[in-house]
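Asks: For reference, the structure I am asking about is given below.
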Amino acid sequence: MEYIKSKDIFLLMRDIMKMINPTLMEHGSRVAYIVYKMLQEEGRYEEFELADIVMVATMHDIGAYKTEAARMNDMLQYETRDNMAHSIYGYLFFKYLSPLPDLAKVIMYHHRDYEKLKDSEYEYKDVAAYVNIAEKIDIYAGAMGAQFKTRMFQKQAGTKLSDKGLECFYRCDEKYDIMGKLKSGEYKQELDEIVEYMIFSNEDKKRFLEMLMYCQGFVRESMVFDTVTAACICEEMCQIMYLPEQEREMLYYATLIHDIGMLAIPKEIVRALRKLKKDEMQIVRTHIEIAEKQLKTKMKDEILEIALAHHERGDGSGYPRHLKEGQISLHQGILQVVDVVSALVRKRSYREAMPKQQIISLLNEDAAKKRLKHQIVSMFVNSYDEIMEHVKKEMAGTLKMYQTLNLQYQQVSKKYNLK
Numbered sequence: 062m063e064y065i066k067s068k069d070i071f072l073l074m075r076d077i078m079k080m081i082n083p084t085l086m087e088h089g090s091r092v093a094y095i096v097y098k099m100l101q102e103e104g105r106y107e108e109f110e111l112a113d114i115v116m117v118a119t120m121h122d123i124g125a126y127k128t129e130a131a132r133m134n135d136m137l138q139y140e141t142r143d144n145m146a147h148s149i150y151g152y153l154f155f156k157y158l159s160p161l162p163d164l165a166k167v168i169m170y171h172h173r174d175y176e177k178l179k180d181s182e183y184e185y186k187d188v189a190a191y192v193n194i195a196e197k198i199d200i201y202a203g204a205m206g207a208q209f210k211t212r213m214f215q216k217q218a219g220t221k222l223s224d225k226g227l228e229c230f231y232r233c234d235e236k237y238d239i240m241g242k243l244k245s246g247e248y249k250q251e252l253d254e255i256v257e258y259m260i261f262s263n264e265d266k267k268r269f270l271e272m273l274m275y276c277q278g279f280v281r282e283s284m285v286f287d288t289v290t291a292a293c294i295c296e297e298m299c300q301i302m303y304l305p306e307q308e309r310e311m312l313y314y315a316t317l318i319h320d321i322g323m324l325a326i327p328k329e330i331v332r333a334l335r336k337l338k339k340d341e342m343q344i345v346r347t348h349i350e351i352a353e354k355q356l357k358t359k360m361k362d363e364i365l366e367i368a369l370a371h372h373e374r375g376d377g378s379g380y381p382r383h384l385k386e387g388q389i390s391l392h393q394g395i396l397q398v399v400d401v402v403s404a405l406v407r408k409r410s411y412r413e414a415m416p417k418q419q420i421i422s423l424l425n426e427d428a429a430k431k432r433l434k435h436q437i438v439s440m441f442v443n444s445y446d447e448i449m450e451h452v453k454k455e456m457a458g459t460l461k462m463y464q465t466l467n468l469q470y471q472q473v474s475k476k477y478n479l480k
């Protein structure tokens with residue numbers, strides 16, 4: 062069953078990343094539009110290929126969320142300083158975590174001088190060169206305002222920038238009024254039209270959602286580990302309870318996205334090395350409404366109903382809807398138990414990871430008070446050792462790719478003396 066459309070995968074990724082830093086993602090959208098119009102004019106790609114390129118061009122600075130957090134709001138400063146770090150991290154991130162690894166080098170090469178890129182055998186080197194042109198045009202247009210002239214880059218034709226690419230841009234700007242549409246915002250409608258051609262398999266969609274889960278590490282790395290832990294526990298619970306494949310898939314999707322609203326919570330709260338104050342907890346609780354706003358037009362209702370209820374409790378003390386026991390479905394109840402356990406088994410800044418007996422005691426207490434569903438708690442408690450052993454193994458495999466990404470980035474950073 063299709064729980065999310067291909068175009069909505071893109072829109073979800075774009076809008077979620079915009080929650081972390083709107084300046085950078087809006088820049089990405091404008092760059093993607095410029096590249097799209099240039100490639101459309103040349104007629105070398107089919108619409109579905111252009112749609113994939115739009116995805117990568119929009120996310121071309123994804124590495125900067127990791128490496129340039131302090132500079133992302135000053136785009137000119139960000140553009141003119143050493144940009145090797147975010148290009149490398151973004152390339153590795155897309156290569157290992159996305160279903161579009163062949164396009165990942167576009168991110169790696171999008172700052173490379175054309176005279177060094179033109180002899181490369183990389184299939185999409187022209188796309189990388191066009192992203193380079195589009196990025197410079199957008200950043201300098203924003204910084205210089207009325208003083209900006211597109212022809213100012215002509216002196217770099219054939220050296221830093223692609224001469225063919227610049228001529229293509231000038232032609233497209235005259236023909237399609239690219240700069241005018243960027244200024245007015247009209248370009249957004251055209252971008253929305255091309256993403257209709259995106260074609261992703263269910264497996265591709267899962268990988269994009271997993272990639273989005275890993276994006277939580279841009280805010281706080283432990284959020285990634287929490288979600289991976291929850292996904293592993295949920296998978297084991299589904300097997301123990303003999304749930305049909307379709308229901309398992311629903312729960313997997315819901316688990317991946319259940320805490321996505323946390324990306325919009327202020328970093329000083331998310332990263333606080335202490336127990337949060339009452340007013341801070343109230344802010345944290347808004348992550349449910351934030352997630353609902355982002356997801357309600359993109360994901361099927363079945364997934365949302367599960368994901369948005371993970372903090373509800375059967376005695377009505379949960380949030381945000383204060384549901385009672387009879388209003389909470391089996392699937393919602395599973396994610397509630399999974400969310401509690403995944404938090405308790407992991408270390409927090411203000412406490413150590415809880416031992417088995419303490420976790421079981423707390424779960425049984427919540428079941429007795431009808432805060433959590435007794436049936437689900439019983440099944441988890443009776444299979445605790447088996448579940449956690451499987452989780453330990455699955456965690457190792459699932460996080461290996463993420464750890465490899467970070468290790469390779471550290472190695473490359475040392476090679477290039479990156480900080």
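Number 268 in our numbering belongs to position 207 of the sequence shown; there are no gaps in the numbering.
C-beta atoms are modelled at their ideal positions from N, C-alpha and C, and glycine is treated no differently.
#1: With 16 other CB atoms within 10 Å as the buried threshold, where does Gln397 fall?
#2: Would you check if the distance between the CB atom of Tyr463 and the CB atom of Tyr150 is smaller than 8 Å?
#3: Looking only at its chain, what residues have a beta carbon closer than 8 Å to the beta carbon of Met34, apart from the 5 residues adjacent to it on each side?
#4: Name the DSSP beta bridge partners of Lys385, please?
#5: Going straight from the alpha carbon of Arg374 to that of Leu460, what length do you get?
#6: Quick one: give me the first and last residue of the alpha helix (DSSP H) that Met311 is part of.
#7: Buried or exposed for Asn55, please, with buried defined as at least 16 other CB atoms from any protein chain shown within 10 angstroms of its CB.
#8: Take Tyr201 and list the residues in its own chain whose beta-carbon comes closer than 7 Å to its own, dropping the five residues that flank it on each side.
#9: Assign Met99 to buried or exposed, taking buried as 16 or more other Cβ atoms, counted over all protein chains shown, within 10 Å of its Cβ.
#10: Answer yes or no: do Ala325 and Ile351 have a C-beta to C-beta separation smaller than 8 Å?
#11: Between which two residues does the alpha helix (DSSP H) harbouring Asp340 extend?
#12: Alpha carbon to alpha carbon, how far is Asp287 from Met302? Give it in angstroms, no decimals.
#13: Please go through the same chain and pick out, in chain order, the residues whose beta-carbon is closer than 8 Å to the beta-carbon of Phe261, but skip the five residues on each side of it.
#14: By how many angstroms is the C-alpha of Asn82 removed from the C-alpha of Lys249?
#15: Ignore the nearest five residues each way along the sequence and tell me which others in Pro381's own chain have a CB closer than 6 Å to its CB.
#16: Determine the contact status of Phe25 and Leu468, defining contact as a CB-CB distance below 8 Å.
#17: In three-state terms, what does DSSP make of Ile260?
#18: If you pair each beta-carbon of the segment 421–437 with each one of the segment 388–406, do three or more pairs fall below 8 Å?
#19: Under the three-state reduction of DSSP, which class applies to Ala218: helix, strand or coil?
#20: Out of Leu334, Ala190, Leu178 and Phe214, point me to the one whose CA is closest to Lys408's CA.
#21: Identify every residue that forms a DSSP beta bridge with Arg409.
#22: According to DSSP, Met360 sits in a beta bridge with which residue or residues?
#23: Please state the DSSP three-state secondary structure of Val280.
Replies: Looking at the atomic coordinates:
#1: Gln397 is buried by the Cβ-count criterion.
#2: Not closer than 8 Å, so no.
#3: What the structure shows of the chain is the stretch from 62 to 480, and residue 34 is not part of that stretch, so it cannot be assessed.
#4: Under DSSP, Lys385 takes part in a beta bridge, and its partners are Asp376.
#5: Whole-angstrom Cα-Cα distance: 30 Å.
#6: Met311 -> alpha helix (DSSP H) spans Glu306 to Ile318.
#7: As shown, the chain starts at 62 and ends at 480. That puts residue 55 outside it, with no answer to give.
#8: Shown here for Tyr201: same chain residues with a beta carbon closer than 7 Å to its own, the five before and five after excluded, namely Phe209 in chain order.
#9: Buried, since its Cβ has 16 or more Cβ neighbours within 10 Å.
#10: Result yes, Cβ atoms of Ala325 and Ile351 sit closer than 8 Å.
#11: It spans Lys339 to Arg346 - the alpha helix (DSSP H) in which Asp340 sits, taken as one unbroken run.
#12: The alpha-carbon atoms of Met302 and Asp287 are separated by roughly 22 Å.
#13: Closer than 8 Å at the Cβ level, and outside the excluded window around Phe261, lie Ser67, Ile70, Pro160 and Phe269.
#14: Computed Cα separation, rounded: 18 Å.
#15: Excluding sequence neighbours, Pro381 sits near Ile349.
#16: It is not possible to answer for residue 25, since the shown part of the chain is limited to 62 through 480.
#17: Reduced to three states, the DSSP call for Ile260 is coil.
#18: Segments in contact, yes.
#19: Shown here, Ala218 sits in a strand according to DSSP, grouped into three states.
#20: Ranking the options by Cα distance to Lys408, first place goes to Leu334.
#21: Arg409 is bridged by DSSP to Arg412.
#22: For Met360, the beta-bridge partners assigned by DSSP are Ile65.
#23: Looking at Val280 - three-state DSSP - the assignment turns out to be coil, as it is neither helix nor strand.
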